[in-house]
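The opening position of the sequence shown corresponds to residue 5 in this note's numbering, with each subsequent residue numbered one higher. Please read the structure below before turning to the comments.
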Amino acid sequence: MKMLFIPAAQESPLWWILLKIFLQTVFFWSLFLLVIPAGLMWLESVLGWNPFHFSGQRMWGALFFVLGGSLGLTSGALMGIYGRGTPLPFDTARHLVIVGPYRYVRNPMALAGLTQGAAVALFCGSWLTLCYIIVGFFLWNYCLRPIEEQDLQQRFGGDYEAYCYAVWCWIPCWRGYSPTTREMQRNDK
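Written out as structure tokens, the structure reads:
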């Protein structure tokens, strides 16, 4: 699995890292939050399924999309600024990121993406999109997350173990993680 997660051989300029993160975000949001849900909603119409409706549904969907998007964009930018890499495994962060939202939840980008997907399902009243997000959660949590966490453990050792002990994967902690001075000095190198 180690070959899947590859930090860049040389550290790129920050503007280049952030541009790559922006382009990745545009691609993934377009695919996972527009194209796939649109296909699922088309399938629902072919099957004759009616969308679900309740009062305030579109407002809540829009609100959750903005909140999830803000979390995702912030997390991605911090991954570039502090981690000096992108969310993609083949261009992964060179440093353990434990600032901003990462202080409160271990993978804020996954949480943000799932929140945005649920927001799309809510906004459109799409049952299949809601199911797609639930399946996405289980795939990420049980197939992808263990691989990612194994890589982080191998690369960052005790610092990552301490972080995992203090910060949950899905439920934000009330008080943000504060690494010891020794851990912070290691991350600054």
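Glycine residues also receive a C-beta, built at the ideal position from the N, C-alpha and C atoms. Since this is a predicted model, take the numbers as computed values, not measurements.
Inter-residue Cα distance where the pair is I137 and Q14: 36 Å
Residue closest to I25, alpha-carbon to alpha-carbon, out of L35, A166, L92: L92
Sequence-distant residues of its chain with Cβ nearer than 8 Å to I175 (five each side left out): These residues qualify, in order along the chain: V109.
9 Å Cβ cutoff met for T133 and G117: no
Beta-ladder partner(s) of T96, from DSSP: Per DSSP, P11.
Assumed close pair V101, G87 - CB separation to whole angstroms, cut-off 8 Å: Confirmed, about 4 Å.
Where S74 falls: helix, strand or coil (DSSP): helix
H99 versus I85, P112, L37, P105, residue with shortest Cα-Cα distance: With distances taken between Cα atoms, H99 lies closest to I85.
Supposed contact pair T96 and P41 - C-beta distance, whole angstroms, cut 8 Å: The pair is not a contact, with the Cβ atoms about 28 Å apart (cut-off 8 Å).
Residue nearest to V124 in terms of C-alpha spacing, selected from Q28, W33, L23, W144: Of the candidates Q28, W33, L23, W144, the one whose C-alpha sits nearest the C-alpha of V124 is W33.
Separation of G161 from E153, as counted between CA atoms: 11 Å
Neighbour flag for P112 against chain B, beta carbons, 9 Å: Considering every chain present, this structure includes no chain B. It has just one protein chain.
P17 burial status per 10 Å Cβ neighbour count (16 or more: buried): exposed
Span of the alpha helix (DSSP H), counted from its first residue to its last, around F32: For F32, the enclosing alpha helix (DSSP H) has its first and last residue at 18 to 34.
For R159, three-class secondary structure by DSSP: helix
Where G43 falls, given that 16 or more other Cβ within 10 Å makes a residue buried: exposed
Per-residue DSSP class, three states only, for T90: coil
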